[in-house]
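Heads up: the structure comes next, in structure tokens.
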Amino acid sequence: MKKQNNLCAYLHADGKKIVDGSGKEILLSGWGLGNWLLQEGYMWKAYGERFDRPSRIEKCVEELTGKDYAPLFWKKYRENYIRREDILAMAELGYNSVRIPFSYRLFMEDGPGILWKEEGFKLLDDCLSWCEEAGIYAFLDLHGAPGGQTGSNIDDSVDNVPRLFIDRDCRVKACALWKKLAQRYSERAVVGGYDLLNEPIIPPEAGNGDFDYLIPELELFYEEVIAAVREVDNNHLISLEGAHWATDVRIFHKKYDDNMVLHFHRYAEMPDRACLERFISAAEELDVPLWMGETGENSNAWYAALYPLASALGIGYNLWPWKKMDCTNSPCSIREPEGYQKILRYLDKGPHPGYEEARQILNQYLENICIENCELHPEVTRHVFRKPPFTIQAVDFDACPGKGASWFGSGNPYGIYRSDTDMEIRELYPAGEKAFAFDCGWERLALVLKAGEFVCYSFCTAETAGKEIHLQISYRAEEKTELAVITETGKEVLVSLEPGTEDAEVSLGIPAADMEKGTVRLEGRSGSAWIKQLIFT
1 MKKQNNLCAY LHADGKKIVD GSGKEILLSG WGLGNWLLQE GYMWKAYGER FDRPSRIEKC
61 VEELTGKDYA PLFWKKYREN YIRREDILAM AELGYNSVRI PFSYRLFMED GPGILWKEEG
121 FKLLDDCLSW CEEAGIYAFL DLHGAPGGQT GSNIDDSVDN VPRLFIDRDC RVKACALWKK
181 LAQRYSERAV VGGYDLLNEP IIPPEAGNGD FDYLIPELEL FYEEVIAAVR EVDNNHLISL
241 EGAHWATDVR IFHKKYDDNM VLHFHRYAEM PDRACLERFI SAAEELDVPL WMGETGENSN
301 AWYAALYPLA SALGIGYNLW PWKKMDCTNS PCSIREPEGY QKILRYLDKG PHPGYEEARQ
361 ILNQYLENIC IENCELHPEV TRHVFRKPPF TIQAVDFDAC PGKGASWFGS GNPYGIYRSD
421 TDMEIRELYP AGEKAFAFDC GWERLALVLK AGEFVCYSFC TAETAGKEIH LQISYRAEEK
481 TELAVITETG KEVLVSLEPG TEDAEVSLGI PAADMEKGTV RLEGRSGSAW IKQLIFT
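Take the sequence shown: its letter number 123 is residue 123 in UniProt numbering, and every next letter is one higher.
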């Protein structure tokens, strides 16, 4: 098994870097364990309000299977959904961290006052032990706080109102929970940090109401919780998210703790520096590290664009989610059990399948969620890390170190993408309807490469020793165009792009055994062409 770190000391902030106890920079990469300790209906292929959050999902499972079966289902569900094998698999793929989202209801009884439950602590204890074995850091994420912090299904709120900031009892309970967690894990270096709240305060345009008047209460909550945590734990990083799906930076006008990270989320954006700029500026002002702590739910080519860019800018990331039903953009896809459509029809106001059949279907689901029974998608990780074979859009050339080294061009007059560069980018076709919810439509863009210009693309060669790497260039040319394809070793291959054809392929040779990163440079020698996509194999 590939162990990522020795976890010999706590992660902490050092200026704009996250470092370990030896001062070594740790650039976080990993996945969130969505749907394990806080369920979301879409990961079950259920999209209506009836099955959109944990409390409603629990109610439906009980309706389908009866009061005796439901508690047994949830016990087995939590045992199977994430196990030691999942964490070891994550480390084996090359990731160094995991984010563990949870609901407070696994740790405390619902209702007024504080009554502790052991179940949540035991589940975290086990997961942290697996993380220690794998050598990956774990970030504890309060995804569902007492009363709800977001005002949406994702926080398991009762009525889509962020009552954490309205009801004093909820705030007291959340503060007590974080103090209890910090006390319990204060000496566990495997804990990378405490993510105090996931996505607090929904934006007004989401349609559940305007709760921006509560943003000052969010600041006060952070101050109160940090003070409680620091009474028992001065070791761990504090991860803080802004409002509006963790995209609003207005609360980051001050530094809340000397050991904090500014945590933001990115979905559905054009994957260039512009989507990161507001967070980079805020972190510069405060001199704190950045963490893109939730992102993903997109195409593999989008992953190959955004996450290497973030890494080059010193920004760690955590994708969402590790596992869900019937997907191709998470590492683990849960197979739909036989008869499952009957469950979905019931959730959509259809007939009840009967207790016995519903139990049989959900029993099969409990088996299917085990990682050994999932359909695995290693190609997802290959795109995250740009390990051949992978595909990248031509417009996603290297941003760093910058002009004259990563790219050189004569201007970007349209400014529709990569406006911080001088490379011309054009639309191959007009924007149309979204193919999926987070589709940003950037695949319609092409790089116009002309004589005297160049762009570079970096990729990982760590697992390609002894293998010849090929590059396929997808393009559109209205005149004969000549490109030079140059590798980091100086190997140069001239390629003619002919009108009427769409692809050209070249060999990049065999990387040296000790080389972990390769770079290929496309240089225009004559003519011009619209370069669409590069496929490394």
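Even glycine gets a Cβ: it sits at the ideal position worked out from N, Cα and C. Everything numeric in this text was worked out from a predicted model, so none of it was measured.
Practice item. Go to residue 300, then tell me how far its alpha helix (DSSP H) extends in each direction, as first and last residue. Key: According to the DSSP assignment, residue 300 belongs to the alpha helix (DSSP H) that extends over 300-312.
Exercise for review: Check the C-beta distance from residue 163 over to residue 130 and give it rounded, since I have them as a contact under 8 Å.
Suggested key: About 34 Å separates the two Cβ atoms, so there is no contact after all.
Check your understanding: Are at least three pairs of beta-carbons, each pair with one atom in the stretch 476-495 and one in the stretch 433-443, less than 8 Å apart?
Key -> Contact between the stretch 476-495 and the stretch 433-443 is not established, with fewer than three Cβ pairs separated by less than 8 Å.
**Study point:** Distance CB(residue 475)-CB(residue 531) smaller than 7 Å
**Key:** A distance below 7 Å separates the beta carbons of residue 475 and residue 531.
Check your understanding: Would residue 502 count as contacting chain B if we go by Cβ distances under 7 Å?
Key -> Given the protein chain composition of this structure (a single chain), no chain B is represented.
**Study point:** Where residue 505 sits in the DSSP three-state scheme
**Key:** Here residue 505 sits in strand by DSSP.
Check your understanding: Are the beta-carbon atoms of residue 138 and residue 191 separated by less than 7 Å?
Key -> Yes; because the gap between Cβ atoms is below 7 Å, this pair is in contact.
Check your understanding: Taking Cβ positions, are residue 451 and residue 426 nearer each other than 7 Å?
Key -> No. Outside cutoff.
Review point. Closest to residue 43 by CA distance: which of 327, 230 and 95 is it?
Key: Closest option to residue 43, Cα to Cα, is 327.
Point to revise | Straight-line Cα distance separating residue 313 from residue 237 | key: Answer to the nearest angstrom: the Cα atoms are 20 Å apart.
Point to revise | At least three beta-carbon pairs within less than 8 Å, the stretch 108-116 to the stretch 399-413 | key: At 8 Å Cβ cutoff, the stretches do not touch.
Review point. Nearest-angstrom Cα distance between residue 584 and residue 512?
Key: There is no way to answer for residue 584, as the model of the chain reaches only from 1 to 537.
Check your understanding: What residue from 250, 197 and 239 has the CA that sits closest to residue 289's CA?
Key -> Nearest neighbour of residue 289 by Cα position, chosen from 250, 197 and 239, turns out to be 239.
Point to revise | Spatially closest choice to residue 92 from 57, 30, 56 and 79, by CA coordinates | key: Selected option, being the one with the closest Cα: 30.
Check your understanding: So residue 481 is in the beta strand (DSSP E); what residue range does that whole segment cover?
Key -> That run of the beta strand (DSSP E) goes 481-487.
Practice item. Let me know the secondary structure DSSP gives residue 384 once reduced to three states. Key: Three-state result, residue 384: helix.
Check your understanding: Looking only at its own chain, which residues have a Cβ that is under 8 Å from the Cβ of residue 538, when we skip the five neighbours before and after it?
Key -> The first residue shown for the chain is 1 and the last is 537, placing residue 538 beyond what the model contains.
Check your understanding: Between residue 77 and the rest of its own chain, which residues show a CB-CB distance below 8 Å, the 5 nearest in sequence each way excluded?
Key -> Hits under 8 Å: 366 and 369.
Review point. On the three-state DSSP scale, how would you describe residue 430?
Key: Three-state DSSP puts residue 430 in coil, outside helix and strand.
Practice item. Within 10 angstroms of the Cβ of residue 405, are there 16 or more other Cβ atoms? Answer buried if so, exposed if not. Key: Here residue 405 is exposed. Its C-beta has fewer than 16 other C-beta atoms within 10 Å.
Check your understanding: Can you name, in chain order, every residue of its own chain whose Cβ lies under 7 Å from the Cβ of residue 171, other than the five neighbours on each side?
Key -> Once the five neighbours on either side are set aside, the close Cβ partners of residue 171 are 164 and 221.
Review point. Beta-carbon separation of residue 282 and residue 249 under 7 Å?
Key: Here residue 282 is near residue 249, since their CB atoms are less than 7 Å apart.
Review point. When you compare only the Cα positions, how much space is there between residue 259 and residue 12?
Key: Going by C-alpha positions, residue 259 is about 6 Å away from residue 12.
Check your understanding: What is the rounded straight-line gap between the Cα of residue 244 and the Cα of residue 203?
Key -> Distance between the alpha carbons of residue 244 and residue 203 is about 5 Å.
Exercise for review: Go through its chain and collect everything with a Cβ distance to residue 408's Cβ below 7 Å, but skip five positions before and after it.
Suggested key: 453 and 454.
Exercise for review: Could you check which residue in 100, 334 and 21 has the C-alpha nearest to that of residue 128?
Suggested key: Of 100, 334 and 21, the residue nearest in Cα terms is 100.
**Study point:** Nearest-angstrom Cα separation, counted from residue 520 out to residue 158
**Key:** When rounded, the distance between both Cα atoms is 53 Å.
Practice item. Hey, could you find the ends of the alpha helix (DSSP H) residue 101 is sitting in? Key: Residue 101 -> not in any alpha helix (DSSP H); beta strand (DSSP E) instead, spanning 97-103.
Review point. Considering only residues of the same chain and omitting the five flanking positions on each side of residue 346, which have a CB-CB separation below 7 Å?
Key: 64, 352 and 353.
Check your understanding: Which parts of the stretch 189-233 are runs of the alpha helix (DSSP H), unbroken and 4 residues or longer, counting only runs that do not cross its ends?
Key -> Whole alpha helix (DSSP H) segments, 4+ residues: 215-232.
Review point. Are residue 321 and residue 15 closer than 7 Å when you measure CB to CB?
Key: The beta carbons of residue 321 and residue 15 sit no closer together than 7 Å.
Check your understanding: Closest by CA to residue 539, which one among 233, 183, 189 and 199?
Key -> Within the shown structure, residues of the chain are numbered from 1 to 537, placing residue 539 beyond reach of any answer.
Review point. Going by Cα to Cα distance, which pick from 156, 134 and 132 is closest to residue 143?
Key: Each of 156, 134 and 132 was checked against the Cα of residue 143, and the nearest Cα belongs to 156.
Practice item. Can you check the stretch 340-367 for any alpha helix (DSSP H) of at least 4 residues that lies completely inside it and give the ranges in chain order? Key: Those alpha helix (DSSP H) runs which fall completely within the stretch 340-367 and span 4+ residues are 340-347.
Point to revise | Continuous beta strand (DSSP E) stretch holding residue 137: start and end | key: Counting along the chain, the unbroken beta strand (DSSP E) around residue 137 starts and ends at 137-144.
Point to revise | Burial state of residue 394 (16 or more Cβ within 10 Å) | key: So residue 394 counts as buried.
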